[in-house]
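Chemist:
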């Protein structure tokens, strides 16, 4: 069975603080994809990153960075120097199997609030 | 980048009405489309997977007679909520992908359905 756990339901920080959103996944497949999506109040899903199971390199994109650790089945997301515009619900997700066309299993989401 | 258009973005209708939601891939041919439902403050849950020209595969607990899915062309899938009731009020999001392999899924902007 596949499962994605985002233990942090809500996080609130002051602007300019760094914040890390945790994600732990479960799958028996050796080939899988991990994703992060942002969902602002308007509702649309904004794609942030896709990582396949064979690529454990950490990634940095501007103020965003991701730490993928297969040993702990985690794919954590850090926002550096947070801004009010970062306020949204963030979903970690998993697609198991060779093809990312396999269905995507979403975590329960973390609601991030950045206070001015 | 790949664009998926979902229409309408918002619909309000009376109980007992049937509502059709369209999902179109604008600049690619989508062999597979997915339909998700998101209740307020909850995660996205996959309802069904549809492949062009064949019957949709529904997730456990989703009534296929209630949520009719048609994927008649490579650029259009429709979800019809039949005889909608207030408990069907939700945010419905589609995603589409081209071909197989490791093609990514592209999400529409969602449809907010409110049944009075």
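Protein chains in written order, with our numbering: chain E, 1 to 116; chain W, 117 to 232.
Every residue, glycine too, gets a C-beta built ideally from N, C-alpha and C.
Let me check you understand the geometry: is the CB of residue 201(W) closer than 7 Å to at least one non-hydrogen atom of the ligand HEM?
Modeler: This structure does not include the ligand HEM; it has no bound ligands of any sort.
Chemist: Short of 7 Å in beta carbon distance, which residues of its chain neighbour residue 145(W), apart from the five on each side in sequence? Order them along the chain.
Modeler: Here residue 145(W) corresponds to residue number 29 of the second chain, with the count starting at 1. The residues are 190, 191, 214.
Chemist: If you pair each beta-carbon of the segment 125-134 of chain W with each one of the segment 16-33 of chain E, do three or more pairs fall below 8 Å?
Modeler: Judged by Cβ distances under 8 Å, the segment 125-134 of chain W makes no contact with the segment 16-33 of chain E, as fewer than three pairs qualify.
Chemist: Helix, strand or coil: how does DSSP classify residue 227(W) here?
Modeler: As a working note, residue 227(W) is residue 111 in the second chain. Strand at residue 227(W).
Chemist: In the segment 145-179 of chain W, which residues sit with their C-beta less than 7 Å from some C-beta in chain E, listed in chain order?
Modeler: Within the segment 145-179 of chain W, the residues whose Cβ lies closer than 7 Å to some Cβ of chain E are 148, 150, 159, 160, 162, 165, listed in chain order.
Chemist: Which of the three DSSP states is assigned to residue 84(E) in this structure?
Modeler: Working through the first chain from its first residue, we reach residue 84(E) at position 84. Note: residue 84(E) maps to helix in three-state DSSP.
Chemist: Quick check: what's the CA-CA separation for residue 147(E) versus residue 54(E)?
Modeler: As shown, chain E starts at 1 and ends at 116. That puts residue 147(E) outside it, with no answer to give.
Chemist: Residue 104(E) versus chain W: which residues are under 9 Å apart at the beta carbon?
Modeler: Residue mapping note: residue 104(E) aligns to position 104 of the first chain, counting from 1. Neighbours of residue 104(E) on chain W, chain order: 150, 152, 160, 162, 211, 221.
Chemist: What are the residues that DSSP puts in a beta bridge with residue 23(E)?
Modeler: Looking up residue 23(E) in the first chain gives position 23. DSSP, once it has assigned bridges, lists no residue as partnering residue 23(E).
Chemist: Which term fits residue 124(E), buried or exposed, when burial requires 16 or more other beta carbons within 10 angstroms of its beta carbon?
Modeler: Any answer about residue 124(E) is impossible in this case: the structure gives chain E only from 1 up to 116.
Chemist: Comparing C-alpha positions only, which one of 228(W), 221(W), 169(W), 230(W) sits nearest to residue 120(W)?
Modeler: On the second chain, residue 120(W) is found 4 positions in, with the first residue counted as 1. Cα-wise, what sits closest to residue 120(W) is 221(W).
Chemist: Apply the 10 Å Cβ neighbour rule to residue 100(E) and answer buried if 16 or more other Cβ atoms are within range, or exposed otherwise.
Modeler: To locate residue 100(E), count along the first chain from 1; it is residue 100. Here the model assigns residue 100(E) a pLDDT of 45, short of 50, so the residue's position is not dependable and the matter cannot be decided.
Chemist: With the cut-off set at 8 Å, would you say residue 210(W) and residue 230(W) are in Cβ contact?
Modeler: Position 94 of the second chain holds residue 210(W). Position 114 of the second chain holds residue 230(W). No.
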